[in-house]
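Worksheet for the structure shown next.
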Amino acid sequence: MASWKVSALSSGLAALGAAAVVNRHPLRSWDRPSFSGSPVNLSEGLVAAVGSLAGAACMGGPAATGATIAIGAGALAGYVDDQCEDRFPAKAKGLKGHLGALSQGKLTSGALKIGLISVGSACGVAFLKRKGSRAAQMEVWMEQTALVAGTANLVNLLDLRPGRALKACSILALPLVFHQGATSALAASILTTSAVCAPQDLNRKGMLGDLGANAIGASLGMALADLNSAKARRALLGAVVGLTLASERVSFSTVIEGNRVLKAIDDFGRRA
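Just so we're aligned, residue 683 is where the sequence shown starts under the working numbering, counting upward by one.
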């Protein structure tokens, strides 16, 4: 398997190339209002997806195939929610809203996104190595699937303020670089991709959107799913599920604004 340096270099160069293309040929139809009402462009999500896919593909070995599938599915699902939401007659907000609409036979772009990410995650983690009996391997596969899909969704929930999702991914990815295999390579890819995307994001000119957040979130999820420690994976899965459920009732932005340390991290580097 290629070293984390190869994945870092590949993702960085690919993201820079994608950024150069979208800057030269702006996608004006991808302009959206930000939380403050100022316009931002979702083409940053393309840059994040390209960088994440390049970093995964250059790892080598079965894990590269799995990560590419999971990230690709996340990017596709995000594109559907970003660009095709208006084509769905049913509208809903939040995980509860989308699943509630689906239970009534109404398909929303969010429900389709959940399905795509779940299938992509299940297929992606199938390429990761597992030990033990068939039943034990199946249990681990289910945990890994939930961790990848949940992380992809959670990163999207954090993409509500400039730089927030990128900072969260980078903080989690940094210590993972010192692990081995796919975990290390994907973590390095996340760091370089985030570094390329950060200036646009922090300057309030671009936004990951669902496409970019789901792609880079799936990359982080695959890095976490490949950890050797079952206790660590389960603890992380518990945290992801807990935060996702909490987001249905509590505003992350309100919590962050009310905590001095979290607010300082959230505001760091952001243009006033």
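Ideal Cβ placement from N, Cα and C applies to all residues, glycine included. Values in this document were obtained by computation on a predicted structure and should not be read as measured data.
| message | Taking the straight line between their C-alpha atoms, what separation do you get for S689 and R710? | response | As a position in the sequence shown, residue 689 is number 7, starting the count at 1. As a position in the sequence shown, residue 710 is number 28, starting the count at 1. So the alpha carbons of these two residues sit roughly 31 Å apart.
| query | By the 10 Å Cβ neighbour count, where 16 or more other Cβ atoms means buried, how is S815 classified, buried or exposed? | reply | As a working mapping, residue 815 is identified with position 133 in the sequence shown. So S815 ends up on the exposed side.
| In whole angstroms, what separates the C-alpha of G754 from that of A731? | For the purposes of this step, residue 754 is identified with residue 72 of the sequence shown, where counting begins at 1. For the purposes of this step, residue 731 is identified with residue 49 of the sequence shown, where counting begins at 1. G754 and A731: Cα-Cα distance of roughly 8 Å.
| What is the DSSP secondary structure of R714, reduced to helix, strand or coil? | Locating residue 714 in the sequence shown gives position 32, where the first residue counts as 1. Residue state, collapsed to three classes: strand.
| DSSP-derived helix/strand/coil call for V923 | Locating residue 923 in the sequence shown gives position 241, counting from the first residue. Helix.
| For the candidate residues S693, R714 and P844, whose alpha-carbon lies nearest to that of G733? | What you label residue 733 is simply residue 51 of the sequence shown in a count that begins at 1. Of S693, R714 and P844, the residue nearest in Cα terms is S693.
| field | Straight-line Cα distance separating W686 from A749 | value | Along the sequence shown, read from residue 1 onward, the residue named residue 749 stands at position 67. Along the sequence shown, read from residue 1 onward, the residue named residue 686 stands at position 4. Their Cα atoms are separated by approximately 14 Å.
| query | Assuming L840 contacts F934 under a Cβ cut-off of 8 Å, what Cβ separation, rounded to an integer in Å, is found between them? | reply | Numbered from 1 along the sequence shown, position 158 holds the residue referred to as residue 840. Numbered from 1 along the sequence shown, position 252 holds the residue referred to as residue 934. By a beta-carbon distance limit of 8 Å, L840 contacts F934. Their separation comes to about 7 Å.
| message | By the three-class DSSP mapping on this structure, what secondary structure does P708 have? | response | Looking up residue 708 in the sequence shown gives position 26. In the structure shown, P708 falls within a coil segment according to DSSP collapsed to helix, strand and coil.
| task | Look up N723 in the DSSP assignment and give the residues it is bridged to. | result | Start at 1 with the first residue of the sequence shown, and residue 723 comes out as number 41. Bridge partners of N723 according to DSSP: D713 and G888.
| Enclosing alpha helix (DSSP H) for T790 [first to last residue] | Numbered from 1 along the sequence shown, position 108 holds the residue referred to as residue 790. Segment: none, T790 is in no alpha helix (DSSP H) and carries neither H nor E.
| For K945, which three-state DSSP category applies? | What you label residue 945 is simply residue 263 of the sequence shown in a count that begins at 1. Correct three-state label for K945: helix.
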